[in-house]
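Visitor: Here's a structure for you.
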Amino acid sequence: MPEKINNLFDHRLQNLQLENALKSSIKRIFPIENAGKTILLNNIYIEDNLDDNDFPVQKEAKIKRKSWHMPIFADFEILNENGKVISKQTKLKIGNLPKITNRFTTIIEGNEYQTVNQLRRKSGIYSRIKRNGELEAEFNLAKGKNFKMQLDPVSQLFVISYANRKYRLWT
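Quick note: the sequence shown uses the working numbering, first residue -9, plus one each step.
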């Protein structure tokens, strides 16, 4: 099997890729400057004390409605406007990273999720220009049925698409 395809079936490699992506995205935020003070991120690390093959611990997390995750820690320094360290904090917990099991799932609050099947856009309005030049706004609602609104540039009419039907907004 080619190396790239083989890597897709290795949950340990996926965990490592998640860890590296999370670390790099957090590092991009720093340094933070405000009111003459600067917060520096010196180190970020994830403590992985979870054994992939410890199925009793995974089952216990599900039964007790707990999460099976790794804590994320960081070391910070606060500098004044002269660059002098005025505060230092080591091993400050900044979050948790759910660990992928060897079943390619994550356990969060007792529920086992397979994220491949959980893809969904957040609530909001997504606008685009279609290939035929029509302007379209898709309303992705948190509750209720979603709908689309289009503007035909030639006729300059607004149309709402809802439940496989099109309705003109006004005539």
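For glycine and all other residues, C-beta sits at the position ideal for the given N, C-alpha and C. Since this is a predicted model, take the numbers as computed values, not measurements.
Sort out for me which residues DSSP pairs F45 with in a bridge.
Guide: Looking at the DSSP assignment, F45 forms no beta bridge with any residue, so it has no partner.
Visitor: To the nearest angstrom, report how far apart N101 and K27 are at their CA atoms.
Guide: The alpha-carbon atoms of N101 and K27 are separated by roughly 42 angstroms.
Visitor: Among L87, W160, T91, R2, which residue has its Cα nearest to the Cα of D44?
Guide: The candidate whose alpha carbon is nearest that of D44 is T91.
Visitor: Please state whether DSSP places A166 in a helix, a strand or coil.
Guide: With the chain running from -9 to 161 in the structure shown, residue 166 is simply not present.
Visitor: So A25 is in the beta strand (DSSP E); what residue range does that whole segment cover?
Guide: No beta strand (DSSP E) holds A25; DSSP gives it neither H nor E.
Visitor: Count the other CB atoms, across all protein chains shown, that sit within 10 Å of the CB of P(-8); report buried if there are 16 or more and exposed otherwise.
Guide: Its pLDDT being 48, under 50, P(-8) is placed unreliably by the model, and the measurement read from it follows with that caveat. Exposed, by the Cβ-count rule.
Visitor: Which residues bound the beta strand (DSSP E) around L87?
Guide: Element bounds for L87: 75 to 88.
Visitor: Pick from T96, G114, K13, E128: whose alpha carbon is nearest that of H1?
Guide: Looking at the Cα atoms, T96 is the closest of the given residues.
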